[in-house]
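Same order as they appear, the protein sequences are chains S and B. Counting from 1, one number per residue, gives the positions in the first sequence under the numbering used here. Counting from 1, one number per residue, gives the positions in the second sequence under the numbering used here. Even glycine gets a Cβ: it sits at the ideal position worked out from N, Cα and C. Working notes, beginning with the structure itself.
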Amino acid sequence: DTGVSQNPRHKITKRGQNVTFRCDPISEHNRLYWYRQTLGQGPEFLTYFQNEAQLEKSRLLSDRFSAERPKGSFSTLEIQRTEQGDSAMYLCASSSGQGGQPQHFGDGTRLSIL
Amino acid sequence: QQQVKQSPQSLIVQKGGISIINCAYENTAFDYFPWYQQFPGKGPALLIAIRPDVSEKKEGRFTISFNKSAKQFSLHIMDSQPGDSATYFCAASIIGGGNKLTFGTGTQLKVEL
């Protein structure tokens, strides 16, 4: 059983640089979610896709953040001009999209801004 | 505004004991309530979930109790084991609203021998 895969697992970058994360969902799942988790807190919703369509973005997602899901398969999350406050764990989850189906999470990408 | 409040922040239980974690929500439109377990360096893993049409759901050693009128739900871990030591998150969502999860702040559980 292939779960949700996220790459890279860790990313260290200097403030002001751009970073991109990738998420490969469970193959038959048509919904894909991005969350952000800071130390000692629960994950916070950022955005989600139904197939290739981005259906909602949280107000937490500033214009420096962009997410894509071309062809409804893998997704990328890009952060431009990174800031210290962007340091967090970025989590991806997928689900089948049918009513109330559980979301399965990857192990995240931990971003550290120097 | 925190929509899901979780307590306690940390919990120490003896092996074989019962661990109880509580959550309260504000948005009455929530209709899906999962619990997740997270180990350090790992993503959250779904433990058990409930919908508001039932008051209790049990899976193995894990039980969710749900009180719709009080807008509260809780996780009970029976016969707690050291391997249960992890951070537990309650969450809530609106199924018809994209099922976006709103998480509590987490409970760090330690099960001692």
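On a CA-only basis, which of the options is nearest residue i? Give me that one, please.
i, options, result
"F45(S)", "T107(B), F103(B) and M78(B)", "F103(B)"
"L60(S)", "G85(S), S75(S) and Q50(S)", "G85(S)"
"D84(B)", "G97(B), E112(B) and S93(B)", "E112(B)"
"T63(B)", "I48(B), K71(B) and D53(B)", "I48(B)"
"G43(B)", "S94(S), N30(S) and L114(S)", "S94(S)"
"L39(S)", "Q103(S), M89(S) and T109(S)", "M89(S)"
"S66(S)", "G72(S), S73(S) and K57(S)", "K57(S)"
"C23(S)", "Q50(S), D63(S) and E68(S)", "E68(S)"
"K71(S)", "G100(S), N51(S), S62(S) and R64(S)", "N51(S)"
"K15(B)", "I77(B), Y36(B) and Q72(B)", "I77(B)"
"A45(B)", "S62(S), L114(S) and D107(S)", "D107(S)"
"D20(S)", "Q80(S), F105(S) and S96(S)", "Position check: residue 20(S) holds Thr in this sequence, whereas Asp was assumed. The shortest C-alpha separation from T20(S) is found at Q80(S)."
"C23(B)", "T105(B), Y88(B), Q72(B) and R51(B)", "Q72(B)"
"G106(B)", "N18(S), P43(S) and L111(S)", "P43(S)"
"T87(B)", "V4(B), Q3(B) and L11(B)", "L11(B)"
"Q38(B)", "S27(S), H104(S) and E28(S)", "H104(S)"
"G17(B)", "Y36(B), S93(B), D79(B) and A92(B)", "D79(B)"
Work out the CA separation of residue j and residue i for me, nearest whole Å.
i, j, result
"L77(S)", "G3(S)", "19 Å"
"Q81(B)", "P25(S)", "31 Å"
"Q54(S)", "G96(B)", "16 Å"
"K57(B)", "E83(S)", "43 Å"
"S75(S)", "P40(B)", "24 Å"
"S74(B)", "I12(S)", "38 Å"
"Y25(B)", "L109(B)", "21 Å"
"S19(B)", "S73(S)", "39 Å"
"R61(B)", "D63(S)", "44 Å"
"Y33(S)", "G98(B)", "10 Å"
"R36(S)", "T47(S)", "10 Å"
"I21(B)", "Q6(B)", "7 Å"
"F89(B)", "N7(S)", "24 Å"
"H10(S)", "T109(S)", "5 Å"
Checking the sheet assignment: what are the DSSP bridge partners for residue i?
i, result
"K57(S)", "T47(S)"
"K115(B)", "A question about residue 115(B) goes unanswered here, because the residues of chain B that appear run from 1 up to 113."
"A67(S)", "L77(S)"
"A91(B)", "F103(B)"
"I21(B)", "L75(B)"
"P25(S)", "DSSP output for P25(S) lists no bridge partner at all."
"F105(S)", "A93(S)"
Which runs of the beta strand (DSSP E) spanning at least 3 residues fall entirely within the segment 39-78 of chain B, listed in chain order? Counting whole runs of 3 or more residues, the segment 39-78 of chain B contains the beta strand (DSSP E) stretches 45-50, 56-59, 62-67 and 72-77.
For the segment 92-107 of chain B, which residues have a CB atom closer than 9 Å to at least one CB atom of chain S, in sequence order? The segment 92-107 of chain B vs chain S, Cβ under 9 Å: S93, I95, G96, G97, G98, N99, K100, L101, T102, F103, G104, T105 and G106.
Determine which residues of the segment 19-30 of chain S have a Cβ less than 9 Å from any Cβ of chain B, and write them out in chain order. Listed by position, the residues of the segment 19-30 of chain S near chain B (Cβ gap below 9 Å) amount to none.
Output, in sequence order along the chain, the residues in the segment 22-48 of chain B whose CB is closer than 9 Å to any CB in chain S. For the segment 22-48 of chain B, the set of positions with a beta-carbon nearer than 9 Å to some beta-carbon of chain S reads D31, Y32, P34, Y36, Q38, G41, K42, G43, P44, A45 and L46 in chain order.
Beta carbons nearer than 8 Å to chain S: which residues of the segment 79-90 of chain B have them? Cβ contacts with chain S: F89.
Between the segment 45-72 of chain S and chain B, which residues of the former have a C-beta closer than 7 Å to a C-beta of the latter? Going along the segment 45-72 of chain S in chain order, one finds F45, Y48, L55 and E56 with a Cβ nearer than 7 Å to chain B.
Interface positions of the segment 49-63 of chain B facing chain S (Cβ-Cβ less than 8 Å), listed along the chain: Against chain S - using a Cβ distance shorter than 8 Å - the residues of the segment 49-63 of chain B are A49 and R51.
Could you name the residues of the segment 88-110 of chain S whose beta carbon sits closer than 9 Å to any beta carbon of chain B, in the order they occur along the chain? If the cut-off is 9 Å between Cβ atoms, the segment 88-110 of chain S has M89, L91, C92, A93, S95, G97, G99, G100, Q101, P102, Q103, H104, F105, G106, D107, G108 and R110 near chain B.
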